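Below is one structure, written out as structure tokens, with a few remarks after it.
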Amino acid sequence: MLGAKPQKRRDDRLIIHFDYDCFYASVFENENPSLKSVPLAVQQYEARRRGLHKLQLINEAKKIVPDVVIVLGEELGRFRDASKALYNFLAAFTWSGKVERLGFDEVWMDLTDIVDFNISLLNPHDLEHSFFQLQRDDPTTGFSFNATKIAGQVFGTPITSANPNQDAENNLMTRLTLGSHLAQHLRWALEEQKGYTSTVGISSNKILSKLVGNLNKPKDQTTLLPPYAISERDVQSGMESNVTTFIDSHDVGKVPGIGFKMSQRIRNHVLSRPADFETGLIYGGTKESVTVRDVRLFAGMGPELLEKILGGPGAERGIGGKAWNLMNGVDDTDVQQAKKVPTQISIEDSYIRLDTMPQVLKELRILATSLLKRMHTDLLEHDDDPDSVIGKRWIAHPKTVRLSTRPRPPLNADGTRSRPFNRISRSGPLPGFVFSLREEFESIIEKLVQETLVPMFRKLHPSPRGWNLSLVNIGVTNMVETASEDGKGGGRDIGRMFKRQEEVLKEWKVEDKDIPPDPLPVAEENESHSTEQTDPSAGNEVLDSIMNGSEDAIQPTQTSVEEQGIWEDDEDADEGQEKCSECGAVMPAFAMPAHERFHSFEE
DNA sequence: CCGCTGTAG
DNA sequence: GATTCTACAGCGG
């Protein structure tokens, strides 16, 4: 039995995927229309990007070709700006605000509401002369289109099924038709008004729209035609939905969401080669391609088997079912709402050799400087208030700073081989003084490096020598938006719980056999911590701000509101605490199981 | 919350 | 992964 189980499809959305053509080259062109030496610009960038494996080789290349222009670090900002501008442009068309960016040059849009609204406006008697309304309340803004035809390219045979699920597939067809015209309009607008051409895929979910867009690459669009789902009977008679036909032709690893690790595991299983060593893994090595069809038709294949192949400790729960869905073109994940602020900002650099403290210090300063600049460009916005002297205010405060390194594997005594390259990291509270807009940039950097980054570095690398880093990364996370007055706080206790768990369990361990520890002091201690200064940032940052006398906003009212929102929302105390039903002792929830064991010992 | 893994462009 | 620099989701503690 090759019974691939039917997937429940939910094709009630209209989702398109944008891919800007040659994004990096286009940015150059748009910045400098006069210098339309297109091939040159492209080649320069490509040379930098794919080129010359490492920084070292770049330096060598420099000797050979002194003319080479190296674009790094700072230059990324221009691409980021361009990307953001295009994203905002597209976002303005949506009603739902569902616009999600992937990297610099890809965007998904959920246009279901706009399209469905326009379906309701169609005149069935004159579909050729339809008008697409871009705004709900304005019948004049929009464009004319022919609703009997799909705009742009298509994949799939329009097909007449023996057992058509007519209603669903008709609705889908109509949605896709209108969606294709809207997509064309957006592509056109993007080109006319922003100077960027793009390639678009149109379908009913993220994965399919992304994949189908690849079919007609520059400056075009592709719609995945219905039928998306067909009846059991049709399957028996050898028919196939266009979704199946389409996605089956892809290599497993090409399916978004199935990356290197997962596709390797799947391949190994399908090729029935137990854990192929990476012996012959020389790059360029032709791997036998294992397509989605190969996997799907493999004996016994299904979500359960995939769970066995892919599951395990640390794996995502239900990964088998998820992978199975992906391979069947099923993807119910939502297009994310447009976000004002990123969830993290990080800066990193890689090194041939970085093994002394002075070098590290220097690099930390460089990285911290870039990071702070990024925070300024991404997290500051103009303050309308004319009373504001500085004229800017933070739209979000990251609460956490993280330092990561990638140690170069210590050279094995016996030979040459080196092992994995994983990153290690430490994170902690981001001091408040980094938000000062008055204090000297340099002085902020210095303080950040000395007071925060260096101590974290010491935690990662306690000994002053003996390491050699191939990469250093610093980043800020845990954004708290300032406008929206602390959403659902509460999450803070969880961190504390785990933080304290270690200590408490230690005590338990030590004393378990003899005298069960008294839970009360533990609870009290914790409580005093939290009312006091469990989170050192809470007090220090406020203090720093005050002592620096400079905050992002001049107005005392705003400052205090912000600080209250950000730094003084510590009112947790009792959350996460539980009371023992046996003796009435109060303690953190995590300690309760152990405490109950204590009672069981008593008997 | 913290540290780490996997995925993606 | 071959490489570089990001960014995000999810797991287990």
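Residues 26 to 628 in our numbering are what the first sequence spells out, letter by letter.
Where is the CB? At the ideal position from N, CA and C, for every residue including glycine.
None of these values were measured; they are calculated from a predicted model.
One or two residues paired with residue i in a DSSP bridge
| i | result |
| --- | --- |
| residue 225 | 43 and 246 |
| residue 500 | 371 and 427 |
| residue 417 | 407 |
| residue 157 | 168 |
| residue 364 | DSSP, once it has assigned bridges, lists no residue as partnering residue 364. |
| residue 453 | 426 |
| residue 179 | 248 |
| residue 316 | 276 |
| residue 332 | For residue 332, which the question treats as bridged, DSSP gives no partner whatsoever. |
| residue 131 | 44 and 127 |
| residue 494 | 432 |
| residue 163 | 160 |
| residue 506 | 421 |
Cα-Cα separation, residue i to residue j
| i | j | result |
| --- | --- | --- |
| residue 114 | residue 484 | 45 Å |
| residue 258 | residue 267 | 16 Å |
| residue 120 | residue 139 | 7 Å |
| residue 503 | residue 172 | 47 Å |
| residue 341 | residue 163 | 46 Å |
| residue 495 | residue 372 | 14 Å |
| residue 361 | residue 123 | 5 Å |
| residue 204 | residue 279 | 25 Å |
| residue 348 | residue 38 | 21 Å |
| residue 55 | residue 261 | 54 Å |
| residue 565 | residue 415 | Because residue 565 sits at a pLDDT of 34, beneath the cut-off of 50, its placement in the model cannot be relied upon, and the point is left open. |
| residue 126 | residue 132 | 4 Å |
| residue 217 | residue 58 | 15 Å |
| residue 351 | residue 45 | 24 Å |
| residue 492 | residue 396 | 24 Å |
| residue 366 | residue 402 | 11 Å |
| residue 320 | residue 353 | 11 Å |
| residue 410 | residue 291 | 58 Å |
| residue 318 | residue 385 | 50 Å |
| residue 368 | residue 175 | 38 Å |
| residue 327 | residue 316 | 15 Å |
| residue 281 | residue 35 | 19 Å |
| residue 108 | residue 375 | 25 Å |
| residue 597 | residue 240 | Because residue 597 sits at a pLDDT of 34, beneath the cut-off of 50, its placement in the model cannot be relied upon, and the following sentence gives the value as read from the coordinates. Taking the straight line from one Cα to the other gives about 54 Å. |
Close beta carbons around residue i, own chain, < 8 Å, minus the five adjacent residues each side
| i | result |
| --- | --- |
| residue 449 | 429, 430, 431, 432 and 485 |
| residue 333 | 345 |
| residue 161 | 120 and 142 |
| residue 400 | 370, 423, 459 and 501 |
| residue 157 | 143, 167, 168, 169, 170, 203, 206, 207 and 210 |
| residue 476 | 456 |
| residue 152 | 171, 172 and 173 |
| residue 499 | 371, 372, 373, 389, 392, 393, 396, 426, 427, 428, 429 and 478 |
| residue 640 | In the structure as shown, the chain begins at 26 and stops at 628. Residue 640 is therefore absent and cannot be evaluated. |
Status (buried if at least 16 other CB within 10 Å, exposed otherwise) for residue i
| i | result |
| --- | --- |
| residue 33 | exposed |
| residue 146 | exposed |
| residue 12 | Since the first and last residues shown for the chain are 26 and 628, residue 12 lies out of range. |
| residue 209 | buried |
| residue 170 | buried |
| residue 462 | buried |
| residue 466 | exposed |
| residue 195 | exposed |
| residue 297 | exposed |
| residue 335 | buried |
| residue 324 | exposed |
| residue 382 | exposed |
| residue 447 | exposed |
| residue 154 | exposed |
| residue 283 | buried |
| residue 516 | In this prediction, residue 516 has a pLDDT of 40, which is less than 50 and means its spatial position is unreliable; what the coordinates show is noted afterwards. Classification of residue 516: exposed, given that the 10 Å Cβ count is below 16. |
| residue 377 | exposed |
Residues near residue i in its chain [Cβ-Cβ closer than 6 Å; skip 5 each side]
| i | result |
| --- | --- |
| residue 41 | 134, 208, 225, 227 and 234 |
| residue 116 | 124 and 363 |
| residue 314 | 276 |
| residue 137 | 38 and 39 |
7 Å Cβ shell around residue i - same chain, five flanking residues per side excluded
| i | result |
| --- | --- |
| residue 212 | 223, 225 and 246 |
| residue 198 | 251 |
| residue 419 | 404, 405, 460, 507 and 577 |
| residue 337 | none |
* Decide if the region 43 to 61 is in contact with the region 104 to 114; the criterion is three or more beta carbon pairs, one per stretch, under 8 Å apart. => yes
* Asked: Do the region 383 to 392 and the region 471 to 481 make contact, defined as three or more Cβ pairs closer than 8 Å?
  -> yes
* At a cut of 8 Å, does the region 248 to 256 reach the region 275 to 284 through at least three beta carbon pairs? -> no
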